[in-house]
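Trainee: So that we are looking at the same thing, I have put the structure below in structure tokens.
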Amino acid sequence: MNIAIDYDGTYGEDVEMWKEIIHLMKDSGHKVYCITKRYRHLASDIKKNLPSGVPIIFVKTKYKTDTTNKMRLKVDVWIDDKPSTISQIRKI
Numbered sequence: 062m063n064i065a066i067d068y069d070g071t072y073g074e075d076v077e078m079w080k081e082i083i084h085l086m087k088d089s090g091h092k093v094y095c096i097t098k099r100y101r102h103l104a105s106d107i108k109k110n111l112p113s114g115v116p117i118i119f120v121k122t123k124y125k126t127d128t129t130n131k132m133r134l135k136v137d138v139w140i141d142d143k144p145s146t147i148s149q150i151r152k153i
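For the sequence shown, position 37 (counting from the first letter as 1) is numbered 98 according to the working numbering, and the numbering increases by one without interruption.
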């Protein structure tokens with residue numbers, strides 16, 4: 062499973078807890094990505110705080126799925142404090 066976790070408002074709120082959860086996810090065979098709308102040049106804390114081997118994807122588009130779709134990365138689970146930044150919500 063591919064799991065995406067946001068940094069600001071999510072991972073950054075309890076770094077130690079998320080580190081443990083990410084280790085558990087990776088030990089269970091899942092791939093974890095940090096997908097953030099933060100600018101790359103303002104990300105030194107992200108690089109410092111994430112466990113080794115967690116790729117950081119910097120999103121410059123309106124929706125995070127715009128970037129992951131271009132990368133052909135299918136995310137199975139999104140963990141984000143602002144779901145409206147993940148994908149456009151379609152009215153039924």
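Where is the CB? At the ideal position from N, CA and C, for every residue including glycine. This one's a predicted model, so the numbers in the text were calculated from it and none came from an experiment.
Give me whichever residues DSSP pairs with lysine 135 in a beta bridge.
Mentor: The partner list for lysine 135 (beta bridge, DSSP) is empty, contrary to what the question assumes.
Trainee: According to DSSP, is isoleucine 140 part of a helix, a strand, or is it coil?
Mentor: Isoleucine 140: strand per DSSP, three-state reduction.
Trainee: Provide the residue(s) that pair with tyrosine 94 in DSSP beta bridges, ordered along the chain.
Mentor: Beta-bridge pairing links tyrosine 94 to Ala65.
Trainee: Can you tell me where the beta strand (DSSP E) holding isoleucine 118 begins and where it ends?
Mentor: Looking at the DSSP string, the run of the beta strand (DSSP E) that includes isoleucine 118 is 117-119.
Trainee: When you compare only the Cα positions, how much space is there between glutamate 81 and isoleucine 150?
Mentor: The alpha-carbon atoms of glutamate 81 and isoleucine 150 are separated by roughly 31 Å.
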